[in-house]
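Sequence order for the protein chains is A and B. According to the working numbering, the stretch in the first sequence is residues 1 to 322, in order. According to the working numbering, the stretch in the second sequence is residues 323 to 765, in order. We treat Cβ as the ideally placed atom computed from N, Cα and C, and that holds for glycine. Working notes, structure below.
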Amino acid sequence: MSRANSTELTPDGIEIERHWQELAGRRRAYSWLIGIGLLVAVSGSLWFANESNAGKFFDRLPHFFDFAGDLIPRDGWEVWRALFDLPSPYFDGSLKFDYPEGRVYVFGAFYIPEYFYKMLETLNIAIISTLVGAFFGFLLCFLAAKNLVKSKLIRFFARRYMEILRAFPEIVIAGFFAAILSLGPIPAMFAVGIHTVGALGKLFFEVVENADMKADEGLRAVGANWFERVGFGIVPQVMPNFMSYALLRLEINVRASTIIGAVGGGGIGEELRLSIGRGHQAKTLAIILLLLATIIAVDQFSAWLRRRLIGNQAFAFGGKQS
Amino acid sequence: MSTMTSLSIADFESRYPDVFNPSIFKRFMPLIIGAGVVLYLVYCWWFFSIGTVLATGQWQRAEIYARDWISYAIRTTVRMSPEGTTITYPRFSELGDNPKPDWAIQQGNEVTVTFGAGKSLQISPTQVVAKRSGEELLVLIEADGAKPQGSLPEWATLKEDQVTVNFGFAGTADIIPERVVVSRRFLGWANFVFDTASPFWNKSISEVASMIVSGERIKPEMSNAALAFDNIWYNSSWQHGDVWTKLLQTIVMAFVGTLLATLVSFPLAFIAARNIMPNFFANQITKRFFDFLRSVDMLIWALFFTRAFGPGPLAGISAIFFTDTGTLGKVYSETLENIDDKQREGVKSVGAAPVNVQRYGVLPQVLPVFASQALYFWESNTRSATIIGAVGAGGIGLKLWEAMRTNTNWHNVAYMVVLILAVIFIFDGISNALRSRLMGKQH
Chain A
1 MSRANSTELT PDGIEIERHW QELAGRRRAY SWLIGIGLLV AVSGSLWFAN ESNAGKFFDR
61 LPHFFDFAGD LIPRDGWEVW RALFDLPSPY FDGSLKFDYP EGRVYVFGAF YIPEYFYKML
121 ETLNIAIIST LVGAFFGFLL CFLAAKNLVK SKLIRFFARR YMEILRAFPE IVIAGFFAAI
181 LSLGPIPAMF AVGIHTVGAL GKLFFEVVEN ADMKADEGLR AVGANWFERV GFGIVPQVMP
241 NFMSYALLRL EINVRASTII GAVGGGGIGE ELRLSIGRGH QAKTLAIILL LLATIIAVDQ
301 FSAWLRRRLI GNQAFAFGGK QS
Chain B
323 MSTMTSLSIA DFESRYPDVF NPSIFKRFMP LIIGAGVVLY LVYCWWFFSI GTVLATGQWQ
383 RAEIYARDWI SYAIRTTVRM SPEGTTITYP RFSELGDNPK PDWAIQQGNE VTVTFGAGKS
443 LQISPTQVVA KRSGEELLVL IEADGAKPQG SLPEWATLKE DQVTVNFGFA GTADIIPERV
503 VVSRRFLGWA NFVFDTASPF WNKSISEVAS MIVSGERIKP EMSNAALAFD NIWYNSSWQH
563 GDVWTKLLQT IVMAFVGTLL ATLVSFPLAF IAARNIMPNF FANQITKRFF DFLRSVDMLI
623 WALFFTRAFG PGPLAGISAI FFTDTGTLGK VYSETLENID DKQREGVKSV GAAPVNVQRY
683 GVLPQVLPVF ASQALYFWES NTRSATIIGA VGAGGIGLKL WEAMRTNTNW HNVAYMVVLI
743 LAVIFIFDGI SNALRSRLMG KQH
């Protein structure tokens, strides 16, 4: 269908061709406009970011790989020694090499190296806040679902409440509880947990709204009350999806609790920040390895469990939810 | 449907044995999970010693800090001497250099401080009378301390030589020999627009407007409007300029980081998708590269780029860019692997070049999904950009963290939280609207 054929078109055909060209031209113009708009926004943003940064991009670019210097230990085995808290031959009294103070003795001479213990702490923060968050999200989500609650007012408040919990900066919750309970893992738990309630609550109520209402109808026909209808009609069919979302959330929460840890919540994040700040190469690398291994393990475990729970559907929308 | 007889029940049972007699494991699964969760919670209670921490927590502070979010206290000291009483204010009081509040009035030798209806404090050189809801407390000031007369009401406490009178939200007063320290609390944010150093301070809106429009130049080198803006922007206690700049940094970090990640992960996803690039090694290398970017936490990237570029939004942009290239790349390549192959076959069958096969056979299917995912990540990064800022990666995070660490600037924290919430809600709205247009009414 080359352009030359268009001469053989009927007048109607020419009209259609002209109209189509017009539409296509308009679409192209829109695409260009959006493209140019984005380009302007990005260059403006980058200029602003560069202006307000402490170091300028092009000045710092030659130093880009300086951080590699923070990562290369003087001896490859140093990393393993740092990871398992084994005595280092380079020990000079500083914290750079040995750090026996952080050991946690379980029984006798058997101890857990500090980093493993801190990693466990971070993991526990993530797990417990996911559990607690999922529990409260579970309680809240039924109030926000259109097919279960007729009152617009209740739904409105349940949804806005979850939105605020979700959008409230985690760092403020952590900071507020740190002011009351002093720094440590418990403020981090509050912060991650409260965010989880909002985030999971939203995903949960969307699942509930998509649930098959036939079971509910049957229960209503035999005179079940609201709680029975929810408990026997809705919960069994949404539970696999709920679990899948909670596991997805666990993956995110492991990362979130690491970050909260770095700003005072304890756990491995704090160790990492301190280690990078003090320029302890081997320890930094050891922590990164440990963190990488843990995150991959949690992701794989969660992916496996989700696949078992709801099949490949778990991966249809991929990635992260916040 | 007729009622079931025992025969029909037995019939059902024989036809669906696994429904009526599930395995023990399946039957007790919820119970096992529940018990596991409870055991885990008990373990965590012990691991983090939650009980002790909660018990030793200073919960009375929670109320004080929460109150500071939406109110402010003005401190003043009333000094008593045989010659008379004088009111003094701290040097940088919220009331400016020469305060004359209507709640602290001096009449001769006597000062009256009112704390709202029925609550007041009358201070004279030798005695203080506190009134609250009909009750009255007389405190005599003697050389060795404040001496309350009669029994102490519930709202007053005696500690050594000092009497503290509590007026609830409205404030407190410490009666000490020779002086009374008053803390008077008001709802709202003090000096939110102009600080006390500004010539526009403590003027009504109409006064300020008329000064800007027709008043004489206060400073010869700039117009009054410019001066007013300058005063607001550099307000010393609210730092509007700094806060808004930092907020803009956070927004920029999320926007640029996500956009760059989208642009880079887009072509890489085509290499990673095994139905588009039939080269096993190319697929695997790209996929493992995505996994690496994703699994190295945003925190680690943020810390490193802070070292590389110095603290600021460039570090934040890079951190978001690196992490999200991994995540978006993974999502995109999975989307590509799930496309309908018929369109590609159609385009291929008419002899199109490989590039055109992708352009006309693949792209129209995935582009709305890709754009929708990118918007979703933009939205979610606007939230997470706050927190990586706290480790030095630019934006409002660090400012928030510093304001909280002092424990006295909770009103500034509240201001920033309100701004962040507003930004998040606006962006959520934009992103949701765009996404539902892109994807039809699925969301």
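Residues bridged to residue i [DSSP beta-bridge criterion]
i: lysine 453 of chain B; result: B/Ser442, B/Glu458
i: valine 502 of chain B; result: B/Val400, B/Ile497
i: threonine 436 of chain B; result: B/Ser442
i: alanine 395 of chain B; result: B/Arg507
i: glutamine 428 of chain B; result: B/Val433
i: glutamate 170 of chain A; result: None, per the DSSP bridge assignment.
i: isoleucine 463 of chain B; result: B/Ala468
i: tyrosine 111 of chain A; result: A/Tyr105
Closest by C-alpha distance to residue i, when choosing among the options
i: leucine 636 of chain B; options: A/Gly218, A/Ala191, A/Glu51, A/Ala179; result: A/Glu51
i: leucine 250 of chain A; options: A/Gly76, A/Asp216, A/Val197, A/Val208; result: A/Val197
i: phenylalanine 489 of chain B; options: B/Ser442, B/Pro589, B/Val740; result: B/Ser442
i: phenylalanine 176 of chain A; options: B/Val400, B/Thr728, B/Leu741, B/Glu335; result: B/Thr728
i: glutamate 163 of chain A; options: A/Cys141, A/Leu9, A/Gly269, A/Ala303; result: A/Cys141
i: phenylalanine 626 of chain B; options: A/Trp304, A/Leu274, A/Leu309, A/Arg308; result: A/Leu274
i: phenylalanine 301 of chain A; options: A/Ile252, A/Ile276, A/Leu247; result: A/Leu247
i: tyrosine 556 of chain B; options: B/Asn513, B/Ala595, B/Ser545; result: B/Asn513
i: phenylalanine 470 of chain B; options: B/Trp477, B/Ala478, B/Val461; result: In the sequence under discussion, the amino acid at residue 470 of chain B is proline, which differs from the phenylalanine named in the question. Nearest option by C-alpha distance: B/Val461.
i: threonine 584 of chain B; options: B/Met620, B/Gly632, B/Lys652; result: B/Lys652
Segment limits, beta strand (DSSP E) that includes residue i
i: valine 578 of chain B; result: Element bounds for valine 578 of chain B: not the beta strand (DSSP E) but the alpha helix (DSSP H), 562-594.
i: proline 470 of chain B; result: 467-471
i: glycine 493 of chain B; result: 493-498
i: asparagine 788 of chain B; result: A question about residue 788 of chain B goes unanswered here, because the residues of chain B that appear run from 323 up to 765.
i: glycine 406 of chain B; result: 406-410
i: valine 713 of chain B; result: Where valine 713 of chain B is concerned, there is no enclosing beta strand (DSSP E), given that its DSSP letter is neither H nor E.
i: lysine 481 of chain B; result: 478-481
Exposure of residue i, with buried meaning 16 or more beta-carbon neighbours within 10 Å
i: threonine 398 of chain B; result: buried
i: methionine 784 of chain B; result: Because chain B is modelled from 323 through 765, residue 784 of chain B falls outside the range shown and cannot be assessed.
i: serine 328 of chain B; result: exposed
i: alanine 755 of chain B; result: exposed
i: alanine 332 of chain B; result: exposed
i: lysine 96 of chain A; result: buried
i: isoleucine 386 of chain B; result: exposed
i: arginine 349 of chain B; result: exposed
i: leucine 291 of chain A; result: buried
i: arginine 506 of chain B; result: buried
i: threonine 325 of chain B; result: exposed
i: glutamate 121 of chain A; result: buried
i: glutamate 271 of chain A; result: buried
i: valine 745 of chain B; result: buried
i: tyrosine 654 of chain B; result: buried
i: phenylalanine 370 of chain B; result: buried
i: isoleucine 642 of chain B; result: buried
i: methionine 544 of chain B; result: exposed
i: asparagine 703 of chain B; result: buried
i: isoleucine 354 of chain B; result: exposed
i: alanine 357 of chain B; result: exposed
i: tyrosine 245 of chain A; result: buried
Start and end residues, alpha helix (DSSP H) containing residue i
i: alanine 29 of chain A; result: 11-51
i: glycine 223 of chain A; result: No alpha helix (DSSP H) holds glycine 223 of chain A; DSSP gives it neither H nor E.
i: asparagine 124 of chain A; result: 114-144
i: phenylalanine 107 of chain A; result: That residue, phenylalanine 107 of chain A, is in no alpha helix (DSSP H); its beta strand (DSSP E) goes 104-107.
i: histidine 195 of chain A; result: 185-209
i: histidine 733 of chain B; result: 732-760
i: asparagine 605 of chain B; result: 602-617
i: glycine 314 of chain B; result: Nothing about residue 314 of chain B can be reported from this structure: the residues present for chain B run from 323 to 765 only.
Cβ contact (3+ pairs, closer than 8 Å) linking the region 606-614 of chain B and the region 41-59 of chain A: They do not touch, by the three-pair rule.
Is there contact here, the region 256-267 of chain A with the region 115-132 of chain A, by at least three beta-carbon pairs under 8 Å? Between the region 256-267 of chain A and the region 115-132 of chain A, the count of C-beta pairs closer than 8 Å reaches three or more; the two stretches touch.
Three-pair Cβ contact test at 8 Å for the region 615-623 of chain B versus the region 642-656 of chain B: Contact annotation: the region 615-623 of chain B touches the region 642-656 of chain B, with at least three C-beta pairs closer than 8 Å.
Between the region 168-182 of chain A and the region 364-381 of chain B, are three or more C-beta pairs nearer than 8 Å? Look at the beta carbons and you see the region 168-182 of chain A touching the region 364-381 of chain B: at least three pairs across the two are nearer than 8 Å.
If contact is defined by three or more beta carbon pairs under 8 Å, each pair taking one atom from either stretch, is the region 207-224 of chain A in contact with the region 234-242 of chain A? These segments touch.
Could you tell me whether the region 558-573 of chain B touches the region 710-720 of chain B, using the rule of 3 or more Cβ pairs below 8 Å? Flag = yes, the region 558-573 of chain B and the region 710-720 of chain B touch.
Counting Cβ pairs closer than 8 Å, one from the region 362-369 of chain B and one from the region 387-395 of chain B, do we hit at least three? No, the region 362-369 of chain B is not in contact with the region 387-395 of chain B.
Does the contact criterion of 3 or more C-beta pairs under 8 Å hold for the region 280-287 of chain A versus the region 77-89 of chain A? At 8 Å Cβ cutoff, the stretches touch.
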